[in-house]
Every structure is written in structure tokens, then in C-alpha cells.
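Structure, as C-alpha cells:
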Amino acid sequence: MAKNLLIVESPAKAKTINKYLGKDFTVLASYGHVRDLIPKEGAVDPDNRFAMTYAVIDKNEKHVDAIAKAAKGAEHLFLATDPDREGEAISWHIAEILRERGLLKDRTLQRVVFTEITPRAIKEAMAKPRDIASDLVDAQQARRALDYLVGFNLSPVLWRKVQRGLSAGRVQSPALRMIVEREEEIEAFIAREYWSIEAECLHPSQAFTARLTKLDNKKFEQFTITDGDTAESARKRIVAAANGALQVTDVTSKERKRRPAAPFTTSTLQQEAARKLGFTTKRTMQVAQKLYEGVAIGEEGTVGLISYMRTDSVALSAEAVTEIRDVIARDYGTRAVPDQPNVYKTKSKNAQEAHEAVRPTSALRTPAQVSRFLEDDARRLYELIWKRTVASQMVPATLNTVSVDLAAGSEHSFRVSGTTVVDPGFLAVYEEGKDSKTADEDDEGRKLPAMKTGDRIPLERIHTDQHFTEPPPRFSEASLVKTLEEYGIGRPSTYASIIATLLFRKYVELDNRRFRPSDVGRAVSNFLSGHFTQYVDYDFTAKLEDELDAVSRGEEEWIPLMERFWAPFKQLVEEKKESVDRNAATGARELGTDPKTGLPVSVRLGRFGPYAAIGSTAEGVEEKPTFASLRPGQSMHTISLEDALELFKLPRKLGLDKDEEVSVGIGRFGAFAKRGSVYASLKKEDDPYTVDLARAVFLIEEKEEIARNRIIKSFDGSDIQVLNGRYGPYISDGKLNGRIPKDREPASLTLEEVVKLMEETGKPMRKGFGKKAVAKKAPAKKAAKTAVAKKAPAKKAPAKKAAKKTAKKATKKAAAKKASKKAVAKKAAT
Numbered sequence: 002m003a004k005n006l007l008i009v010e011s012p013a014k015a016k017t018i019n020k021y022l023g024k025d026f027t028v029l030a031s032y033g034h035v036r037d038l039i040p041k042e043g044a045v046d047p048d049n050r051f052a053m054t055y056a057v058i059d060k061n062e063k064h065v066d067a068i069a070k071a072a073k074g075a076e077h078l079f080l081a082t083d084p085d086r087e088g089e090a091i092s093w094h095i096a097e098i099l100r101e102r103g104l105l106k107d108r109t110l111q112r113v114v115f116t117e118i119t120p121r122a123i124k125e126a127m128a129k130p131r132d133i134a135s136d137l138v139d140a141q142q143a144r145r146a147l148d149y150l151v152g153f154n155l156s157p158v159l160w161r162k163v164q165r166g167l168s169a170g171r172v173q174s175p176a177l178r179m180i181v182e183r184e185e186e187i188e189a190f191i192a193r194e195y196w197s198i199e200a201e202c203l204h205p206s207q208a209f210t211a212r213l214t215k216l217d218n219k220k221f222e223q224f225t226i227t228d229g230d231t232a233e234s235a236r237k238r239i240v241a242a243a244n245g246a247l248q249v250t251d252v253t254s255k256e257r258k259r260r261p262a263a264p265f266t267t268s269t270l271q272q273e274a275a276r277k278l279g280f281t282t283k284r285t286m287q288v289a290q291k292l293y294e295g296v297a298i299g300e301e302g303t304v305g306l307i308s309y310m311r312t313d314s315v316a317l318s319a320e321a322v323t324e325i326r327d328v329i330a331r332d333y334g335t336r337a338v339p340d341q342p343n344v345y346k347t348k349s350k351n352a353q354e355a356h357e358a359v360r361p362t363s364a365l366r367t368p369a370q371v372s373r374f375l376e377d378d379a380r381r382l383y384e385l386i387w388k389r390t391v392a393s394q395m396v397p398a399t400l401n402t403v404s405v406d407l408a409a410g411s412e413h414s415f416r417v418s419g420t421t422v423v424d425p426g427f428l429a430v431y432e433e434g435k436d437s438k439t440a441d442e443d444d445e446g447r448k449l450p451a452m453k454t455g456d457r458i459p460l461e462r463i464h465t466d467q468h469f470t471e472p473p474p475r476f477s478e479a480s481l482v483k484t485l486e487e488y489g490i491g492r493p494s495t496y497a498s499i500i501a502t503l504l505f506r507k508y509v510e511l512d513n514r515r516f517r518p519s520d521v522g523r524a525v526s527n528f529l530s531g532h533f534t535q536y537v538d539y540d541f542t543a544k545l546e547d548e549l550d551a552v553s554r555g556e557e558e559w560i561p562l563m564e565r566f567w568a569p570f571k572q573l574v575e576e577k578k579e580s581v582d583r584n585a586a587t588g589a590r591e592l593g594t595d596p597k598t599g600l601p602v603s604v605r606l607g608r609f610g611p612y613a614a615i616g617s618t619a620e621g622v623e624e625k626p627t628f629a630s631l632r633p634g635q636s637m638h639t640i641s642l643e644d645a646l647e648l649f650k651l652p653r654k655l656g657l658d659k660d661e662e663v664s665v666g667i668g669r670f671g672a673f674a675k676r677g678s679v680y681a682s683l684k685k686e687d688d689p690y691t692v693d694l695a696r697a698v699f700l701i702e703e704k705e706e707i708a709r710n711r712i713i714k715s716f717d718g719s720d721i722q723v724l725n726g727r728y729g730p731y732i733s734d735g736k737l738n739g740r741i742p743k744d745r746e747p748a749s750l751t752l753e754e755v756v757k758l759m760e761e762t763g764k765p766m767r768k769g770f771g772k773k774a775v776a777k778k779a780p781a782k783k784a785a786k787t788a789v790a791k792k793a794p795a796k797k798a799p800a801k802k803a804a805k806k807t808a809k810k811a812t813k814k815a816a817a818k819k820a821s822k823k824a825v826a827k828k829a830a831t
């Protein structure tokens, strides 16, 4: 056993570092967080200075035990988890576990930080060990406690007022509010008509198009002309005044510099990878993690290709800048290297948590050199990071913009602009992506023919174009991350998890790579905005993030911060539990009256999603309403009365087949066709409102054919059958399912063989939708032994008592199973 034990977060990182440190070190991985708050109420105790009760995470228990075992034989312990707040907390948790197990006595324990996984960086880090940073740990604990308290107290209110199973997050809720407010803005948007006028010019050297800037001696603006008749009248006046040509009245030339963008932070990396590579934030972080932890690069071995990817900083180390400048001079010439390095200022106060921007660990490893060692995603992301970093240290691009004014008579004027690159500078390597281009950027790359004042430019034609203003676009991942960062909501390491949570909870869905809120998401957002306004307020959330950052810098104590938050929050939760009406909380809408019955038509949010109702849903009303689920793509916030009434045309009777009625309808699990007692799901391409009798019968008979082919073999006098299943052949008696050996032909099995197989492998069938199969029952003695060996969870019955209880339960189950086997055998024998 090596005398030094070093602990990192991931096995890939451990493998890479182990090669660098040599035989005197054992390097183990914690596999991320090792402890978390116990998953039940009371894990954070506000009445006891917010004391937090932790437990080892089940899936990581074996890794914790391995660390503890290795610590027993080591003299020096080093905690080398990631260089941020979460990494600091993981180190603290590992230290606490080892302390509780008495493994820190007579051993040194120190914290080391690697911002890149290279031999040089690791050597430097090992030479500068430090203590665990308690301020960072406090900040992480405060953040975790806040998230826990919000979730455990606010979510039950949502269950009662909106829908079961919902959750509210401290940071995800303001993000959801952004998406919902944008959707409401789009729905409220009223398009305005406007017209543009352009002149198509036939210069002898090159044709070009100019846009109208002055009409009737007045500045031509977006809404100067708002209808076709006015546009045509203006066009005729201009044509008459121009008399076949436009006269050049002014030519201006302006040279300007464009500086390169700063190196990547986590946020800008996520945004740019979304724009240029089409990556989700989650995918970007996963790929970046692999590049950071290490990749096998030929004879060089395994090496980390980028610095740590969770950072607010845009700074580059002096060593990195020197190397980058050398690469620029080598590959792009000395003229591309500025006299002094480009320096970028970090906006975040907390950029010291991770000291540098995301950059290549060595600019000498060009994308061309390492591409053959990388998977496609890793290759593309590394190239993006390398180019952005190198470009950030290059000279600005020099651009020349020429603008020409052209007159049509004395009252009307057009303008055309073109921008050419005089010196590409950093543009030779990299250009930052944009969500949308400005008019000036559209002119880039367009070279105009030489013109001077007084020139007459032949006119081919003048045309008008109709336009309508457009609503603001829905958020993409890139624009949402950018907006969250601008508002100060969340932090770089949280953006991917915020988006993942919103998608997982089905509060939002991606439509053409843009976020659209679901009806459930809108209900949650509107409920929180209406009743917990302060806690989804952008400024409040940002201020709380700043206060947590202040804790990490040692400028503020975490417990007073928690106290200021908790008291008013808890009081508001208690008030809203009783005072909020559910219909108002879910956004129920009255649409009008059903012309057939005269009853009110409304849309509401139910247990299984949005639905329409005809009739009163109030308690005590004798006549029950009729219900219909909304179709995919419909929203209870925008559906019309006419569309809602269409929903009640289901179930549709299509006719008779084999003397039985055939109909279509929509149930809990989607659209279906029905004949007698046989149901068949409609395919994606089938519309229940238009599907005909022939198609419905085809689907039903297709299902019946599958059912007939499902039975491979059955046995007289026995319920056991050999069946075709989703995952291959198996045996079943309607209560138990059994496995068939891979080397046996299912159709050749005998009754005696299937009875024996059922006894040996039979497991209870799944009962009800979504329930997992019950695990195979262990014999009573084995169950008791396992229960004794297994460690009892915290605050539960002592091990012996738990073992006794488990053994007793196992005995009952074993007896029940034995009785079942006897019944099967007896039935088979008869």
C-alpha cells in the first residue's frame, strides 16, 4: 500500500493523475458527491442553526469504503477534487467521513487543486497544499440548504393547488418564469405591417441594391409606409423623379477595428457550442469534462487537453499567453501578434473560484495534431476552444466600411454600404457566433464598385416589399443561458442542471430547438409568480446569489443569511396553503357556451394534463360534466371555443365489423380504435378525428394477429404457456413469469420442463402501469443473513432488530412461494 493517498472525483481523472504521481501514490475516485442530505423532511433544521443531517449516497457507498480502506494504510492524505465550490464541499464531506471513522489520527490531510491535468500543473499543485476552504464549504452548504428548504416546503403547496408530483426550485423557477413570460409576450404580440423600398442599380462594374433612406425630404423610417397603396404611390413618385438613374451625392469611407472576443467562460462556451455546434448545455459540459480529465494522445500518453471548464474567469496565465503568442507568430506571422498581450476583465466577483478561462492546456497541441485521437464531439469542441483562445491573443481585425448616398431627384435618397476586410487579424482564426445579425453585419463581405460624387448610376427598377413585425423569438439554450447570466441568476455550473430539470419535469419542451412552456409549466410559473412573487423575482434571486458568493469570499456569515430568508418564506408558505383557490392556481379558463346543451365550456388542468369540460365542475352540481383531453400541441391558454368543442366528437362511431361496433377515442395512454372488447392503439400518423373504418379494423386485426402469434405453445390441463415477449420467449401461468434457457428451443419444451423452470425462475408479473417487477424472493436463512450483513441506515432500527424483522418477512414470503410451487406442480400432475 502506497504511503500517499490522493482522492479526486472521477475515475478517468484518477487514472490520468496516477500515471503522473508514480508508485508512492494511490489515486482513488469519489465518483462525485459522496454524501447528501437525507431525502426526507427534517434534513435541515431551522430551529437548530440550520443543522444538516447527511448520509452517504447509496451508489457511492462502495467507493467511500474503498477510500476508507486505503486511508488506513496511508500516512498522507490529499484531497484533489475539482477547483470550485462543489469540489471544495466534496473534499470536506470526505474529510468528515474519515474523521467520523477515526481515520485521520496520526495522518496529515491536505487540499490540493488542479486547474488542469498536466504533469506541470500537478507538480505545482502538490508543492502548494492548503487546508480545506471553510468559506467555500459554508457557501455550498447554504446553497444546498436553501434549495432543500424551498423544495420541501414549496413543492407540497404545488401538489395541493396545481398537480401532484410537481416541484419548485429556487433557481429553476425564475428560469421557468422567463420562458413563460416570453411565451405570453409572443401570444400578446400584434403584428404591424410596414413596407420597404429598394432600388436595383446597374453599375457597369457590378450591380447592387440600395435601400430608401429619405422620402419627400423626410427621413424614411420603419413605419413611414404601412399599406400597399401608399407604397405604390411612393414608388411611382421616386421613379418619376429618378428618370432612369440615381446620382451619387456622398461617398464616405471609414476604417474601424474589431477586437477579438475574450477566452471562454463556462457560460460563453455553452452559448457558442449551442450556436456553432448545436450542442445542448449538458452535452457541452459532458464533452468538456472528458477533455479536462484526460485523453490518450499517442506517445505523449494520457493528458488533460483543456483547463477546468467551470469558471467565470476570462484571465489567462502568463505561461499560457507566452505559448499562445509563440503559436500565433509561428502559424500566422509576427504581424498577427499584438505588441502587448490582450487583457480581458472578469465581470464576476467570484472568478477566483477557478482561476483561468477555459483554454487548451497547451496551444502547441493544435486541433489538427490531436483530432485523430478524439471522438467527433470532442474534436469539434476542442477546436472551438483552441481557436477562441488563440484568437483572443491576436491583433484586431481592420475593416473598411464604404457608404454611398444616391439621390432620386431632389426629394428622395437611397443608401448602400459595403464592408471589406483590410487586415483579417484574429478573423483568420475565429469569429464569434451571433444569434442574429445587424444591418451593418449583413453588409460585411460586400464590396461596392468604385463611385464618386456626381456619378449617375443606371437604375434597373425600384420595388416595394411588404413586411410584418415579428414577436420576440422563444429562448434557445444559448439565449436562455445568456439571459440568466445577464440577470445574475444561477452560476455557470448550474445552467445545464437548470435546463435539464425543466425538461425532465416537462415544464418546458423543445420545439425546433426553442423552449416552449407546457400547460403544467405555465401553471407552476403563474402560481409562483402570483403567490410567491418575491421568490421568483429576478432581482431577489440575483441578490441572493450575490450573498452566497459573499459567503464564499468570507465576507458574510451563512447562518444569518439563512435566517433572513427562512422566516418570511415559511410564513408565506403557511398562508398560501389555505388561501389559494385551485382553479385560479391552475389557470382554468371559461371559453363560452356549448350551443347544443347551453352548458358552459371550460379548460382546466387535471391529474393527467389539460382537458376541456362541458358543464359545471363545481361540487354539489347534480349533472356531471363531460370531459375531453386536449390534443398534442394544444394549450389551455390559447385554445378557442370552436377547437374545444371539436374534442367532444370523440369517441367516434365508425360502423360495424363482424357484427360489432367499431369506434375511436382517446384514453389515458393516447388514441385508440375499439371493436367489441378489443383495443388497438392508433399509430403516430393516424388522426382519431379523421381515421376511417377500414384503417381502424386493420389496426385491430393487426393487434389480434400479434396476440395469436404470441403463444408459442400451451399445455392441456395447465395454465403455463410458452410465449413470445418483447425481449424474447418466456413462460407464464398468468401470475408468474419464468425464463427459458438460451440453449433450448422454446417450442420443444415439455410440460414437466416448464413446471420445473417455473419453480426455479418464476417471478411475479408486473402489476399496474409503471410498477417494477418484485425482486426474486430469497430463502429465509439467506434473507436473514443478508439483513444482518447489510449496514442499517441512520436513525432506523438497530441491526439485530432489523435483521430479525427482515428474516421474519422473508420466511413468510418463502412459505408463500413454496405453496405456490406446490399448487403449480399439483395442477401440472392432474
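Numbering of the sequence shown is given in this note's numbering, commencing with residue 2 and proceeding in unit increments. Quick reminder that beta carbons are idealized off the backbone N, C-alpha and C, glycines included.
Residue burial classification, residue i (beta-carbon count within 10 angstroms, cutoff 16)
i: Asn-710; result: exposed
i: Ala-808; result: Reliability of the predicted coordinates at Ala-808 is poor, the pLDDT of 41 falling under 50, and no value is obtained from them.
i: Arg-144; result: buried
i: Asn-49; result: exposed
i: Ala-479; result: buried
i: Leu-247; result: buried
i: Ala-126; result: buried
i: Val-138; result: buried
i: Glu-10; result: buried
i: Asp-217; result: exposed
i: Asn-738; result: buried
i: Ile-707; result: exposed
i: Ser-837; result: In the structure displayed, the chain extends from 2 to 831; residue 837 sits before or after that span and is not available.
Where the beta strand (DSSP E) containing residue i begins and where it ends
i: Arg-311; result: Premise fails: Arg-311 is in no beta strand (DSSP E) and is neither H nor E.
i: Lys-215; result: 208–216
i: Val-403; result: 398–409
i: Gly-656; result: 653–658
i: Val-9; result: 5–9
Cβ neighbours of residue i in the same chain (closer than 6 Å, five flanking residues each side left out)
i: Ile-133; result: Ser-92, Trp-93 and Arg-112
i: Lys-507; result: Ser-519
i: Asp-595; result: Val-602 and Ile-615
i: Thr-17; result: Ile-118, Gly-295 and Thr-303
CB-CB length for residue i against residue j, believed under 8 Å
i: Thr-282; j: Ala-497; result: 4 Å
i: Phe-1; j: Leu-752; result: Nothing about residue 1 can be reported from this structure: the residues present for the chain run from 2 to 831 only.
i: Thr-312; j: Ala-358; result: 6 Å
i: Ile-95; j: Lys-14; result: Wrong, their Cβ atoms sit about 15 Å apart, outside the cutoff.
i: Leu-84; j: Val-114; result: Looking at the sequence itself, residue 84 is Pro, so the reference to Leu does not match. With a Cβ gap of about 4 Å, Pro-84 and Val-114 count as contacting.
i: Phe-505; j: Met-179; result: Contact flag wrong, Cβ pair sits at about 18 Å.
i: Gln-141; j: Glu-97; result: Contact flag wrong, Cβ pair sits at about 13 Å.
Terminal residues of the alpha helix (DSSP H) in which residue i lies
i: Gln-722; result: First-last for Gln-722: 722–726, but that is the beta strand (DSSP E), not the alpha helix (DSSP H).
i: His-94; result: 86–101
i: Thr-54; result: No alpha helix (DSSP H) holds Thr-54; DSSP gives it neither H nor E.
i: Phe-673; result: Run containing Phe-673: none in the alpha helix (DSSP H); it sits in the beta strand (DSSP E), 671–676.
i: Ala-126; result: 120–127
i: Glu-706; result: 694–711
i: Glu-201; result: That residue, Glu-201, is in no alpha helix (DSSP H); its beta strand (DSSP E) goes 194–203.
i: Glu-835; result: The structure shown does not extend to residue 835, since the chain spans only 2 to 831, so no value can be given for it.
i: Glu-412; result: Taken as a continuous stretch (DSSP letters only), Glu-412 belongs to no alpha helix (DSSP H), as it is neither H nor E.
Contact set for residue i: own chain, Cβ-Cβ below 7 Å, skip 5 residues either direction
i: Leu-150; result: Val-45 and Trp-567
i: Tyr-21; result: Pro-120 and Ile-123
i: Leu-832; result: A question about residue 832 goes unanswered here, because the residues of the chain that appear run from 2 up to 831.
i: Gly-152; result: Ser-168, Ala-169 and Gly-170
Residues near residue i in its chain [Cβ-Cβ closer than 8 Å; skip 5 each side]
i: Gly-666; result: Leu-651, Pro-652, Arg-653, Ala-672, Phe-673, Lys-675 and Pro-689
i: Arg-102; result: Ala-69
Quick one: complete beta strand (DSSP E) runs, 3+ long, within the stretch 130–187? none
Which ranges would you report for the alpha helix (DSSP H) in the stretch 315–339 if only whole runs of at least 4 residues count? 319–333
Tell me the start and end of each unbroken alpha helix (DSSP H) in the stretch 216–302 that is at least 4 residues and wholly inside, in chain order. 229–243, 267–273 and 282–294
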